[in-house]
């Protein structure tokens, strides 16, 4: 019995072992099938060679035979032998499923025992999407082993680095592989077996996965971590960060990228993308193509992807397509294979970018080609021109001339026709904001016309509708401003109007009860239920009139606060009754509401647009409020009235922002629906001495061409661009210069510029009446008076010190810091900026100031690059440091007042058209001469100033008493010092103008009477023989120059009181230490300046 039991147990155990062995054999068969699947997969991808494929098949066949001929008597050894064979197969040739390699090399429950939480999620992702190519096992050296070390993904991996990496750490196979597919999809996974002290290193192919559609927890978490990292580290504030390109980059990330790289490394890849594409843009096309065709296929793929993702510049898309097409030409032996490999390896997102790139580059090409007009016969092009028959006849004559000559001799006629056909006759650029007024009028007309035609008659005394319609009817010429006021009133009375309409309905129903049918009752009943109307009465044909009478907006709907629901219900009631009542009231009043809402919307859009004018002008230049106000007035006129042409004259000193206000201000105030500004062109007249620059040469001249005006029209494809004509006052004063002035006069005269003619296209009128002309000049005195009469002069203010400080801080320094990529490292305080302005610039504008600031910032930048900057950042710039940097620059030397009061020496004030100003010493001395009061004038005095000297001499003598005159005459005759020498330093600087007349007269009076002149007083003013001191220009500049020179008391003409008031408003510093005195005549001045 005992032996039977033992025998039975042995049989059961043997059966148990056999089941385990059979299970193991089935597992081996499954793994072997997976190996076969993997080898076929890799063979199709051309990852393994034909030779490797054949060797693998032989090894698989051998292993299959071992499984099929297993010896059950030696089954344990056979199974181990088979396991080793399969392990060797996977080690050399890989398998398809990641799980099998873990089961073979480690154990079936290894993952569940060793990976927790996030690591387990990552492992399941690897198990699902990775396909092993091969593996190796690295045994540990426990004496030197350090796990969980951050390993750079860019360095080559040796065994030491592998052992020190984190568990399930992934690495890129790009650097270690040559095969294209492995470089694109290859990923190395590190798995540490802590129990057996070994590490499994597996090379894999990673599946392509559309991450944006994935619901995997690990992927979603990783993407969120990347976003949080970007926000928390402030990477979005990096100047290289672009939201659109970042979005493209993130959407193009592959599963391989998420598995390999951490947040910082992914951001670094993005920065690398930006810098690479920027470097491509710095290369010539030839150089970029050379780089591309000499690169291997993987790097060619990388270049194309980088350009596709950088789609903010359409030229990048164009180049990406061009390089992709080059693959056919550069790989002639393998025509389409290279293209297919790259395209198939792109992610779905990148393929979408590629298709979009094809579309955009096609548009870009068409835009550049601008349609090949040569495909249309010239005869048809001429016939389709939007011009008069006269112009077409002239074009046809040139066409006959072209056809009658050979190609060599017909080039002139061809040039003429090409130019003429490109002129955009009758094509005007009209911004949406300028169309709104017409759109509002179109909406107003349906409200006015029925009243005008007497189709609508309402009691205009008591009815709200009637009162409003009466006001609408009173509007003349569709005045937009009045229209808007009426519209607002209609909108505010919307509920009342609908109630009155219901009253009209009730009145109609009282008279026409028989026409009420069952359908009407049913319709209103349904509406009442839908909107929750409070009514206990049953709605029937008999009491419907009473029901309508009881409708009250205050008790209509249970939700009393829902005004929009009330109005909607009323509208539906009206529409139901409209089916029965044939009345214009319904159409008209429903039109009122629709049109009013649309007009109010358009009006709000218009107001919003107008409010941006000042912001745009302020962003262009600082200050100049009066100039900006006048510009806004003209723009407002265009919006509410006719969009006719205009001519501005920007009058001001150099560097105050005249060109910037035109180019960055006015042009940007006029933007179309594509946000493109009005076309802007500049014509520089400085030194021009020939009118052909503007209106071209005669056609018959050799090498002749049309002028700049026609060039601008052709370039911008419209007849109403902004034409900025710079340096009008620098036109030469020769006959040719007068010719230019004559052309400009004709160009801007609104009565003549509808028929402007270029000499090249003689007898062909060009309508420039809607173009905006802007002249820029410094000295208005040099402008032709006839031309000046046709210009709307806008005077630009002189920039005061506080204005310049604001401009430096808000405009110039931010611009320089952007260029040099500084953030807040350099701090310029107000006192330092003031020091720079006062000691290194002497101008009305900021051109020289910008140059000096550039020198300072660039010097600091150079010191930083050389690592020679000894100060800590951020650094507050000191005056001493400024002086050190600008040591090679001469400080501006301002002439100052004398220390003591003297005879015959007076402080005059000067200013020039460049914005410079200061004081000048007018010095008088007697010299030996036989002629009584003979003048010797030195100091490069101009003709006008010399005339002032003569006037001053006559007046100074008239101021002497008889006794003083006799004394002077006697002394001069005895001493023979009868001549007067007047010198105005500096001798090398030309001086002219009448404003020193009063100062010269006082200096002469001082010399003749031997009375001293106060050294702290300065005077300016023109003088006449009557002794009156009359107005001069540039008072503000002269006062500022006098302050710099140490003057404490200023005498100025009483007629300049407005200029003084303006100066006081602009100058924001304390003026209490200065004394300003108005003088009307020479006697007023003498009382203040002569020491008696």
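In the numbering used here, the protein residues as written are 2 to 1093. The beta carbon of each residue, even a glycine, is placed where N, CA and C say it ideally should be. Small disclaimer: the values here were computed from a predicted structure and weren't measured.
If you count every other CB in all the chains shown that lies within 10 Å of the CB of residue i, and 16 or more means buried, which is it?
i: residue 791; result: buried
i: residue 437; result: buried
i: residue 942; result: buried
i: residue 281; result: buried
i: residue 389; result: exposed
i: residue 1073; result: exposed
i: residue 1092; result: exposed
i: residue 800; result: buried
i: residue 248; result: exposed
i: residue 118; result: exposed
i: residue 1086; result: buried
i: residue 822; result: exposed
i: residue 1084; result: exposed
i: residue 608; result: exposed
i: residue 1096; result: Lying before the first or after the last residue shown, residue 1096 is absent from the chain, which here runs from 2 to 1093.
i: residue 40; result: buried
i: residue 842; result: buried
Using only alpha-carbon positions, find the residue among the options that is nearest to residue i.
i: residue 891; options: 883, 180 and 163; result: 883
i: residue 209; options: 831, 129 and 167; result: 129
i: residue 341; options: 325, 95 and 686; result: 325
i: residue 88; options: 57, 114 and 112; result: 57
i: residue 132; options: 895, 101, 111 and 161; result: 101
i: residue 1; options: 315, 1010 and 833; result: Nothing can be reported for residue 1, as the shown portion of the chain is limited to 2 through 1093.
i: residue 1; options: 820, 998 and 424; result: Outside the shown range of the chain, which is 2 to 1093, sits residue 1, and nothing can be said about it.
i: residue 123; options: 842, 175, 221 and 76; result: 221
i: residue 1080; options: 992, 31 and 1032; result: 1032
i: residue 999; options: 125, 1063 and 911; result: 911
i: residue 314; options: 40, 406 and 357; result: 357
i: residue 1068; options: 27, 1036 and 90; result: 1036
Pull the bridge partners of residue i from the DSSP assignment, please.
i: residue 173; result: 188
i: residue 939; result: 984
i: residue 796; result: 652
i: residue 1019; result: 908 and 1051
i: residue 673; result: None, per the DSSP bridge assignment.
i: residue 685; result: 727
i: residue 1105; result: Beyond the ends of the chain as shown, which are 2 and 1093, falls residue 1105; an answer cannot be given.
i: residue 922; result: 908
i: residue 131; result: 207
i: residue 1077; result: 1051
i: residue 614; result: According to DSSP, residue 614 bridges with nothing at all.
i: residue 928; result: 980
i: residue 1029; result: 1082
i: residue 773; result: 647 and 723
i: residue 138; result: 201
Rounded to whole angstroms, how far is the Cβ of residue i from the Cβ of residue j, which I believe are closer than 8 angstroms?
i: residue 348; j: residue 253; result: 6 angstroms
i: residue 730; j: residue 798; result: So it is not a contact: roughly 18 angstroms between Cβ atoms.
i: residue 421; j: residue 396; result: 6 angstroms
i: residue 299; j: residue 185; result: 7 angstroms
i: residue 260; j: residue 188; result: 6 angstroms
i: residue 983; j: residue 938; result: 5 angstroms
i: residue 686; j: residue 741; result: 7 angstroms
Under the criterion of a Cβ to heavy atom distance below 7 angstroms, does residue i qualify as lining the ligand NAD?
i: residue 404; result: Inclusion of the ligand NAD in the displayed structure is not the case, the ligand content being empty and no account of it being possible.
### Task
Give a yes or no on contact between the stretch 1036-1050 and the stretch 1017-1026, applying the rule of three or more CB pairs nearer than 8 angstroms.
yes
### Segment contact flag, the stretch 616-630 with the stretch 753-768, C-beta cutoff 8 angstroms, min 3 pairs
no
### Message
Three or more C-beta pairs under 8 angstroms: does that hold for the stretch 792-801 against the stretch 636-653?
### Response
yes
### Query
Taking contact to mean at least 3 C-beta pairs separated by less than 8 angstroms, is the stretch 1003-1011 in contact with the stretch 868-877?
no
### Query
Does the stretch 920-928 come close enough to the stretch 890-910 that 3 or more CB-CB pairs lie under 8 angstroms?
yes
### Message
Under 8 angstroms, with one C-beta from each stretch per pair, do the stretch 742-761 and the stretch 695-703 reach the 3-pair mark?
### Response
yes
### Query
Below 8 angstroms, can you find three or more Cβ-Cβ pairs linking the stretch 215-235 to the stretch 174-183?
no
### Task
Check whether the stretch 377-388 touches the stretch 231-242, taking contact to mean three or more Cβ pairs, one atom from each stretch, closer than 8 angstroms.
no
### Query
If you pair each beta-carbon of the stretch 32-47 with each one of the stretch 165-172, do three or more pairs fall below 8 angstroms?
no
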